[in-house]
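Chemist: My questions will all concern the structure given below.
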Amino acid sequence: MRCGDFKETYIQDEEIFQSLFVKFWLCLLFLFLLAFPFMANAYLLYMANMIGFAIIGAVGLNLLTGFTGQISLGHAAFLGVGAYTSAILVTRLGFSFWLSIPCAGLVAALAGLIIGIPSLRVKGLYLCIATLAAQFIFEFIFTRWESMTKGITGIHIPPPTIFGFAFKTEKDFYWITLFFVVLAVGYARNLIRSRTGRAFIAIRDRDLSAEIIGINLFRYKLSAFAISSFYAGVAGALWMTFLKVVTPDHFPFILSIQYLAMIIVGGLGSVLGSIFGAIFITMTPELLNYLSEIVKAIAPGHEEIFVPMKEVIFGVLIVFFLIFEPRGLAEIWNRIKVFFRLWPFSY
Amino acid sequence: MDILIQVVITGLATGGLYGLIALGFVLIYKATSVLNLAMGEFMTLGAFVCFTILTQIKAPFYLALLLTLAAAILLGIVVERLVLRPLIGEPIISVIMVTIGLGVILKGLIYMIWTPTFRNFPEIFPPEPLDLSFAVVPSGLWWGFVFAIIGTTAFLLIFKFSRTGVAMRAVASDQQAALSMGISVRWVFAIAWCFGAMAAVIGGIVIGNISGISVYMGDIGLKVLAVIILGGLDSIGGAILAGFIIGILENLTGLYIDPLVGGGAKDVAPFFILVFILMIRPYGLFGKQLIERV
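Line order of the protein sequences matches chains H and A. Residues in the first sequence are numbered consecutively from 1, following my numbering. Residues in the second sequence are numbered consecutively from 1001, following my numbering.
This is the structure we're talking about:
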């Protein structure tokens, strides 16, 4: 019996769906995702949508931080740029939702390019501070450019329609989310095995060596910023269309930290990891809400402790994973797979 | 004209505080090459601890200050030992993220212990404002400035003349050499974190005294990033000078730009300055020009 996973050509090594086994389970997963809205209630569908937006955003950030090694503390700002672009295009200029999504991505990508420019001169610590500054500057713009963003009152966004059918409920919107998530994950998975993706990884591992072997740092670093922000823009636009109103409060600094937490907990430099992380970080507060309900029933008056608990747990997760499991949930998943691959005769 | 002088004076006083907090950043960065993004939360924690000692135990201010400084030393040691030491040698993104995570944890804990209510600090300084004949400095700012200057000078003297300070400078310039001269690098790291935490705590108490304390006062810690970038990440003198510059610029923005955009520009001004400096002179005014260009 063939034991283990052998690859004999580079083409095999590069395949996205590496074995029959993987293809089978992916098909099953896809069938489950298609059947999901018919089984789930509104709350579960709401959560599924939120996870979907988080996946798109986290995959984008992972392309930048995990694969290219450029840390960004301003991801929430790009979500905001995308959300506002889409909202303004739909409400002011009468764009259809479908056209506004790629436009939102493009405008966010442009913003990402501008923020990415310092990455050509400074790196590491300095880049991190530059993106942090961008976060606060964009927050300021969202709040103060009232003629465009309507400030803190926010913009109301009509539900998207196609051929007269309006996507009003969580269930309807689930299809839109699923479509974009599949597109986003599929593109990222393809990108990282292409020339561009390999260039990203080379830049992360050692930028000087990358430049010497002929990678144009200028081009690839900026394209990493642009692609990552494009993802963020799309995620932000979808998210805000789903919530039907966009206000500056949706894009605080803590959201950027949450996205970083997702990719750190999930696994830096792993598309699968971003998905795990997005699910994990989105579900954690819900779990805490659930716990607080229980506490409320048993000992009323003590449930307020769960409000800040959310932040503490984010922090603890970040610190814990960085110290004890730097490669994240994806690595744990790998270990489990490896364990069962040869099980029960692992020696 | 009067208002301009007034604003500049206020800016100078605020700048002194920024300089003190920036000093905390620089002390840690110089010795350990870690940028501690949880500095703001260190500040908040210090302010709350001092507040609790003052109001619950009703201790006199100097005792409360000493106890808070002791708490800061404890905080510094615990953080260095538990969180930062396992990450020595890890990529920079891990180290930055761990301090952010730490900040988030501290913020949540402060929220849990003290609730998010905004509180006024008990009066610890004599309330009379300082009258300079051409401008008036409110008591909180004036005393805060005095504290900042005392704190800064003390740290500078320790850094320059004491044995510990010399060891810290040795570690900052070359860890291997320092090790071979018998300096315990671990000990120096711990000391650096203690000093950083102490600077933050003093800053927190003074700022709490000026504008009240709440969970969110730690956001000032992020504004101070502009100060340390302008001054140069590893320059103590630069941090102090840049503190004054940013303090004045921020208050001038408050005076001239805020009416144009409807407020809020004052708080975001340091970040605009930050981006500008990073574009033209990333190593700041006095920083080592050793930035790896790419």
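Even for Gly, the Cβ is constructed at its ideal location relative to N, Cα and C. All figures in this text were calculated on a predicted structure; none of them were measured in a lab.
Using the Cβ count rule (16 or more neighbours within 10 Å means buried), how would you classify M1198 of chain A?
Modeler: buried
Chemist: Beta-carbon within less than 8 angstroms of R1293 of chain A's beta-carbon, same chain only, minus the 5 sequence neighbours each way: which residues are those?
Modeler: For R1293 of chain A, the predicted model reports a pLDDT of 49, less than 50, meaning its position is unreliable and no value from the coordinates is stated.
Chemist: For a test of the three-state rule: what should DSSP assign to A1022 of chain A, helix, strand or coil?
Modeler: helix
Chemist: What do you reckon, are the CB atoms on V354 of chain H and V1083 of chain A nearer than 8 angstroms?
Modeler: Since the displayed chain H opens at 1 and closes at 347, residue 354 of chain H lies outside it and no answer follows.
Chemist: Using a Cβ-Cβ cut-off of 8 angstroms, state whether A130 of chain H counts as contacting chain A.
Modeler: yes
Chemist: Starting from Y1111 of chain A, find everything on chain H with Cβ-Cβ shorter than 8 angstroms and list it in chain order.
Modeler: The contacting residues are V307, P308 and E311.
Chemist: Compute the Euclidean distance between the alpha carbons of I1088 of chain A and D1234 of chain A, then round it to the nearest angstrom.
Modeler: 19 angstroms
Chemist: My understanding is that A83 of chain H touches V246 of chain H, with C-beta atoms under 8 angstroms, so please give their C-beta distance in whole angstroms.
Modeler: 5 angstroms
Chemist: D172 of chain H by DSSP, collapsed to three states: which one?
Modeler: helix
Chemist: Residues of chain A with CB closer than 7 angstroms to the CB of G124 of chain H, please, in chain order.
Modeler: I1092
Chemist: Note down, in chain order, each residue of its chain lying with its Cβ closer than 7 angstroms to the Cβ of I1202 of chain A, except the 5 sequence neighbours on either side.
Modeler: So the list reads L1020, F1147 and G1151, once near-sequence residues are dropped.
Chemist: Using 8 angstroms for Cβ pairs, my map puts Y1018 of chain A next to V1227 of chain A. What's the rounded Cβ distance?
Modeler: 5 angstroms
Chemist: In whole angstroms, what is the alpha-carbon distance linking F200 of chain H and Y1283 of chain A?
Modeler: Rounded to whole angstroms, F200 of chain H to Y1283 of chain A spans 26 angstroms at the Cα level.
Chemist: List the whole-angstrom C-beta distance separating F32 of chain H from A48 of chain H, where the pair is believed to meet the contact cut-off of C-beta under 8 angstroms.
Modeler: Going by Cβ atoms, the distance from F32 of chain H to A48 of chain H rounds to 11 angstroms, so no, they are not a contact pair.
Chemist: For a cutoff of 8 angstroms on Cβ pairs, would you count P285 of chain H as touching chain A?
Modeler: No, P285 of chain H does not count as interfacial toward chain A.
Chemist: Name the chain H residues that come within less than 7 angstroms of K1107 of chain A, Cβ to Cβ?
Modeler: E311
Chemist: Quick one: which unbroken alpha helix (DSSP H) runs of 4-plus residues sit fully inside the stretch 1243–1294 of chain A? Chain order, please.
Modeler: 1258–1261 and 1265–1280
Chemist: Could you tell me which residues DSSP puts in a beta bridge with R1298 of chain A?
Modeler: Only positions 1001 to 1294 of chain A appear in this structure, which leaves residue 1298 of chain A out of reach.
Chemist: Return the residue from the list H:E8, H:L79 and H:I263 that minimises the CA-CA distance to L317 of chain H.
Modeler: If you compare the alpha carbons of H:E8, H:L79 and H:I263 with that of L317 of chain H, the shortest gap goes to H:I263.
Chemist: Which of helix, strand or coil does DSSP assign to I137 of chain H?
Modeler: helix
Chemist: If we call anything under 8 angstroms between Cβ atoms a contact, is V1268 of chain A one with I137 of chain H?
Modeler: yes
Chemist: Give me the chain A residues within the contact set of T65 of chain H, using Cβ-Cβ distance strictly less than 8 angstroms, ordered along the chain.
Modeler: Within chain A, the residues near T65 of chain H are I1093.
Chemist: In the structure shown, what three-state DSSP assignment does F1295 of chain A receive?
Modeler: The requested residue 1295 of chain A does not occur in the structure, where chain A is confined to residues 1001 to 1294.
Chemist: Taking 8 angstroms as the cut-off, decide whether the C-beta atoms of L1102 of chain A and L132 of chain H are in contact.
Modeler: no
Chemist: What does a CB cutoff of less than 7 angstroms around A111 of chain H pick up in its chain, not counting 5 residues either side in sequence?
Modeler: F78, V81 and S229
Chemist: Since A1167 of chain A contacts V1188 of chain A with CB under 8 angstroms, what's their CB separation in whole angstroms?
Modeler: 5 angstroms
Chemist: Any beta carbon of chain H sitting closer than 8 angstroms to that of D1259 of chain A?
Modeler: According to the sequence displayed, residue 1259 of chain A carries Pro and not Asp. It does not; no Cβ of chain H falls within 8 angstroms.
Chemist: To the nearest angstrom, how far is it from the Cα of L29 of chain H to the Cα of K23 of chain H?
Modeler: Rounded to the nearest angstrom, the gap between the Cα atoms of L29 of chain H and K23 of chain H is 10 angstroms.
Chemist: So, for F385 of chain H: in the same chain, excluding its five sequence neighbours on each side, which residues have a beta-carbon less than 6 angstroms away from its beta-carbon?
Modeler: Outside the shown range of chain H, which is 1 to 347, sits residue 385 of chain H, and nothing can be said about it.
Chemist: Counting only Cβ-Cβ distances shorter than 8 angstroms, please list the residues of the stretch 1218–1238 of chain A near chain H, keeping chain order.
Modeler: L1222, L1225, A1226, I1229 and L1233
Chemist: Could you check what DSSP says for A109 of chain H in three-state terms: helix, strand or coil?
Modeler: helix
Chemist: Determine the direct distance from the alpha carbon of A1200 of chain A to that of A1064 of chain A, and round the result to whole angstroms.
Modeler: Just so you know, the alpha carbons of A1064 of chain A and A1200 of chain A end up roughly 15 angstroms apart.
Chemist: Out of A:G1196, A:G1238 and A:L1241, which has the shortest C-alpha to C-alpha gap to G1221 of chain A?
Modeler: A:G1196
Chemist: Measure from the C-beta of L1285 of chain A to each C-beta in chain H and report whether the shortest distance is under 8 angstroms.
Modeler: Closer than 8 angstroms to the CB of L1285 of chain A there is not a single CB belonging to chain H.
Chemist: Whose CA, out of H:E286, H:W175, H:T149 and H:S96, lies closest to the CA of G164 of chain H?
Modeler: H:S96
Chemist: Would you mind sorting G1263 of chain A into buried or exposed? The rule is 16 or more other CB atoms within 10 Å of its CB.
Modeler: exposed
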